[in-house]
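Read the structure below first, then the notes.
There are 2 protein chains.
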Amino acid sequence: MEECMSALPGSVGAVTPQAFHFEAPLPLQSGASIAGYTLMVETYGSLNADKSNAVLICHALNASHHVAGYYADQPKNIGWWDNMVGPGKPVDTNRFFVIGVNNLGSCFGSTGPMHTNPATGKPYGADFPVVTVEDWVNAQARLADVMGIKQFAAVMGGSLGGMQALAWSILYPDRLQNCVVIASTPKLSAQNIAFNDVARQAILTDPDFHGGDFYAHGVVPRRGLRVARMIGHITYLSDDDMAEKFGRDLKSDDYQFGYGVDFEIESYLRYQGDKFSDYFDANTYLLITKALDYFDPARHTDGDLTKALATTKAQFLLASFTTDWRFSPERSREIVKALISNKRTVSYAEIDAPHGHDAFLLDDSRYLNLVAAYFDRIATELKGVSA
Amino acid sequence: MEECMSALPGSVGAVTPQAFHFEAPLPLQSGASIAGYTLMVETYGSLNADKSNAVLICHALNASHHVAGYYADQPKNIGWWDNMVGPGKPVDTNRFFVIGVNNLGSCFGSTGPMHTNPATGKPYGADFPVVTVEDWVNAQARLADVMGIKQFAAVMGGSLGGMQALAWSILYPDRLQNCVVIASTPKLSAQNIAFNDVARQAILTDPDFHGGDFYAHGVVPRRGLRVARMIGHITYLSDDDMAEKFGRDLKSDDYQFGYGVDFEIESYLRYQGDKFSDYFDANTYLLITKALDYFDPARHTDGDLTKALATTKAQFLLASFTTDWRFSPERSREIVKALISNKRTVSYAEIDAPHGHDAFLLDDSRYLNLVAAYFDRIATELKGVSA
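Structure representation (structure tokens):
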């Protein structure tokens, strides 16, 4: 792997996922529990002697444990945050031991709806228990236990990943030094939930969904997944960015006066929908959107986010993007305000970027430099790190 | 009818639609033409002696010729702009002769996809020619000819109806004194088109759509229509209004941890989708969204809206609503700016209203008073009107 790293400066090189199996039942927020489950994990960099340099990266809706690098047999399969994590990158794997973990219920190797339900001997399907952000965090904490990590240097994520980081700071205040929450929100708005529910309805009403048991029927609810992804994708991009990239550009010279493709934006969205329906699991889409909808740490403090964050101990970095209308800067500011009311140390940046919600995944030097500077500070504060 | 009017002050009372049949083929922008078609029409008030007090009301996506009043056998079936049109209302039927017309291709009585294609003897289905805003305006002009109306006191509409009013001012500059364009846009943005295309894809991929020939199969693509309407509905409301009306309110005491209804907003949207799929035609949805996508009067003037509006002669009233993110005030301002560059007389109001795009249909005293004042001015300028 060292050779690959030198061959590809800035990349962690070829990586290999590991499966961690957990026999003990994990109690879930719903009251159900799940036993005998597997989490798929990737790590980059080396854990230092006192195990103080670990960084946990939490993923959003359609990502996975494959955060950085590539697979030897799939050189084009690059990790989803490869611009953020690697040697010399903002989260520098020369200094940090970085962990990516695929969440329970996802469809990239960790136990999910397509796996066998031990109670029935058949795939879980829609019976896979609805899991929450807090459930995922509890599962991640067990993984940390197994890895011997008592406290993370940082827990970090964007969007739904940022919710997990925030939940870590509430549920396990002593287990993270820093909490990095990017393009996230303390809870979904009615409009956010509305978009998620339309997407779910498209899947649930697809005749090929078969109540979630489509595996047994040898079909996939592609139509529903495709529409769901198209809706989602619109909310990930900014209006301005779409106007800039596609505008009213036509695929052909003139209007077609039919229901094929007229505009480039149609072609792009349909392609995104088709691609997504090739690889994503419909039951996973349902349960992950539910985890998004349910996240609301202030729900048990009468809507008071300051109270909900009162037990946190970490230092915080938050970042938002001006054109993100899915989770707008205002939502990040609510978190910042609640943390400041609790006298927490908070760094916050509102980054002027044209790319909407997706900006958290893209190259933007101000954004990447901000994260780099924050992790530089963490690195210098670490004991036993060879800087 | 006079008795009904006095029984229900402010309402035009019970109304009866009329069918106007046109034998001569109407040439369409696509190059196709349609012959032997019917337009459903309602009128309110009386045409004056010199036929100068006629006001044409153009409808948006899911509305019709039924603008005001009710049907004697359906007293709850109130016209869609009944708060705007009636005796003593902003468009005062004591002074104006108001015409509502259902557009070609719609599903409320005018010739549309569910009617028999004379060429095949079967319903048109998806073969109904794709019509444009300009085609509708040409059909409306023929109706005006038959009614003996050479010039309208005003042509008026909101949203897609506003596009028709604007197209009137370009295509028939001598046939309208005033053009009233509310909550509209000179063209759809990439994001607008994207939402329309996802909705169309939901319908087109519904197995019950049968390529548009679902009539012959005795089914309706309800799943697709339902999802299409849910998507549309999200774009009609403002984020703030949804937050205010629904927030994160639950239907029950707690999360359900399943895929039924958790949140009030889900219940509301699904209800809207169900209701819509009961009455709206899927082929009509497709073609009306295409008419929206295609509207772009500056397309043949190299994108220069000022040039596109150079031949207009009408006086203009435009209004937009601050929280309308479908057709934002900025889009109305583009029209205003282009009109002013052409030295047209323009009144423009940006109304601070919380209800998003739907505000153009709702009661808001500033908005209704604005329109009332504008039509007062028109009335005083009319010759031969008994004021």
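Protein sequences appear in the order of chains L and A. With the working numbering, the residue at position 253 of the first sequence is 629, and numbering never jumps. With the working numbering, the residue at position 165 of the second sequence is 541, and numbering never jumps. Built from N, CA and C at the ideal position, the CB exists for glycine as well.
So the candidates are the options; which of them puts its Cα closest to the Cα of residue i?
i         : options                                    : result
A:Lys-526 : A:Thr-721, A:Val-431, A:Tyr-670            : A:Val-431
L:Pro-730 : L:Met-618, L:Val-477, L:Val-712, L:Ile-716 : L:Met-618
L:Ala-714 : L:Tyr-750, L:Gly-524, L:Thr-677            : L:Thr-677
A:Gly-476 : A:Thr-508, A:Asp-449, A:Phe-396, A:Pro-499 : A:Phe-396
A:Leu-662 : A:Ser-614, A:Leu-580, A:Glu-726            : A:Leu-580
L:Pro-422 : L:Val-443, L:His-435, L:Val-388, L:Thr-665 : The question names Pro, but residue 422 of chain L is Ser in the sequence shown. The shortest C-alpha separation from L:Ser-422 is found at L:Val-388.
A:Ser-428 : A:Asn-459, A:Gln-553, A:Glu-710, A:Lys-452 : A:Gln-553
A:Ala-502 : A:Leu-415, A:Thr-492, A:Ala-436            : A:Thr-492
A:Asp-615 : L:Cys-434, L:Phe-703, L:Phe-751            : L:Phe-703
A:Thr-699 : A:Tyr-724, A:Thr-721, A:Glu-726, A:Gly-732 : A:Gly-732
A:Ala-456 : A:Leu-645, A:Asn-478, A:Thr-611            : The amino acid occupying residue 456 of chain A in the given sequence is Trp; Ala does not appear at that position. When only C-alpha atoms are compared, the closest one is A:Asn-478.
A:Phe-736 : A:Ser-723, A:Met-532, A:Pro-489, A:Lys-666 : A:Met-532
L:Ile-610 : A:Gly-588, A:Ala-517, A:Gln-567            : A:Gln-567
L:Ala-436 : L:Pro-597, L:Asp-734, L:His-586            : L:Asp-734
L:Ile-716 : L:Asp-740, L:Asn-453, L:Asp-629, L:Ala-686 : L:Ala-686
L:Gly-537 : L:Ala-439, L:Pro-403, L:Pro-705            : L:Ala-439
A:Ala-684 : A:Arg-742, A:Pro-549, A:Gly-524            : A:Pro-549
L:Gly-679 : L:Ile-711, L:Gly-534, L:Gln-648            : L:Ile-711
L:Thr-688 : L:Pro-705, L:Val-722, L:Asp-582            : L:Val-722
L:Gly-497 : L:Val-474, L:Gln-516, L:Ala-592, L:Ser-409 : L:Ala-592
Answer with yes or no whether the minimum CB distance from residue i to chain A is below 8 Å.
i         : result
L:Gly-501 : no
L:Ala-570 : yes
L:Ile-716 : no
L:Glu-710 : no
L:Ala-735 : no
L:Asp-680 : no
L:Arg-624 : yes
L:Ala-578 : yes
L:Ile-546 : no
L:Glu-706 : no
L:Ala-543 : no
L:Ala-515 : no
L:Ile-610 : yes
With a threshold of 8 Å between beta carbons, is residue i in contact with chain L?
i         : result
A:Glu-379 : Caution is warranted here: a pLDDT of 39 is assigned to A:Glu-379, below 50, making its placement in the model unreliable, and the coordinate value is therefore given only provisionally. Taking Cβ atoms only, chain L never reaches closer than 8 Å to A:Glu-379, which makes this a no.
A:Ser-440 : no
A:Val-522 : no
A:Leu-645 : yes
A:Ala-674 : no
A:Val-596 : no
Anything in chain A within Cβ reach of residue i, meaning under 8 Å, just list it in chain order.
i         : result
L:His-581 : As written in the sequence, residue 581 of chain L is Thr, which differs from the His given in the question. Per Cβ cutoff of 8 Å: Arg-599, Arg-602, Val-603.
In chain A, which residues lie with their C-beta within 7 Å of the C-beta of residue i?
i         : result
L:Leu-662 : Tyr-635
L:Ala-658 : Ordered by position in chain A, no residue passes the 7 Å Cβ test against L:Ala-658, which lies about 11 Å from the chain.
L:Asp-615 : Ser-565, Gln-567
L:Ala-684 : Here the premise fails: no neighbours, minimum Cβ distance about 14 Å.
Just to make sure I have the definition right: I need the residues of chain L whose C-beta is within less than 7 Å of the C-beta of residue i. Which are they?
i         : result
A:Tyr-670 : Tyr-631
Closer than 9 Å by beta-carbon distance: list the chain L residues that pair up with residue i, in chain order.
i         : result
A:Val-509 : Neighbours of A:Val-509 on chain L: none; closest Cβ ~12 Å, over 9 Å.
A:Val-506 : Tyr-631, Gln-632, Phe-633, Gly-634, Tyr-635
Cβ of residue i less than 8 Å from any chain D Cβ?
i         : result
A:Leu-423 : Here the protein chains are L and A, and chain D is not one of them.
Starting from the beta carbon of residue i, find every residue of chain L whose beta carbon is closer than 8 Å, and list them in chain order.
i         : result
A:Phe-339 : In this structure chain A extends from 377 to 763, so residue 339 of chain A is not present and cannot be described.
A:Met-606 : Ala-570, Asp-573, Val-574, Gln-577
A:Met-811 : Past the edges of chain A, shown from 377 to 763, lies residue 811 of chain A, and the structure says nothing about it.
A:Glu-642 : Ile-569, Ala-570, Asp-573
Sorry if obvious, but does the Cβ on residue i come closer than 7 Å to a heavy atom of the ligand PLP?
i         : result
A:Leu-746 : Annotation note on the ligand PLP: not contained in the displayed structure, which lists no ligands.
> Are there three or more Cβ pairs, one per stretch, closer than 8 Å when the region 593-611 of chain L is compared with the region 649-660 of chain L?
Replying inline: yes
>> Contact between the region 689-703 of chain L and the region 557-575 of chain L is defined here as three or more beta-carbon pairs at a separation below 8 Å; is this criterion met?
In response: yes
>> Under 8 Å: do the region 625-636 of chain L and the region 462-475 of chain L share three or more Cβ pairs, one atom per stretch?
In response: no
> Listed from N- to C-terminal order along the chain, which residues in the region 526-539 of chain L have their beta-carbon within a distance smaller than 9 Å of any beta-carbon of chain A?
Replying inline: none
>> Count Cβ pairs between the region 539-550 of chain A and the region 508-519 of chain A that sit closer than 8 Å; are there 3 or more?
In response: yes
>> Which residues of the region 394-410 of chain A have a Cβ closer than 7 Å to any Cβ of chain L? Give them in chain order.
In response: Ser-406
> Three or more beta-carbon pairs under 8 Å between the region 656-675 of chain L and the region 564-579 of chain L, yes or no?
Replying inline: yes
>> Can you confirm whether the region 479-491 of chain A touches the region 410-417 of chain A when touching is taken to mean that 3 or more C-beta pairs between the two stretches lie within less than 8 Å?
In response: yes
> Mind listing which residues of the region 721-735 of chain A have their C-beta closer than 8 Å to chain L's C-betas, in chain order?
Replying inline: none
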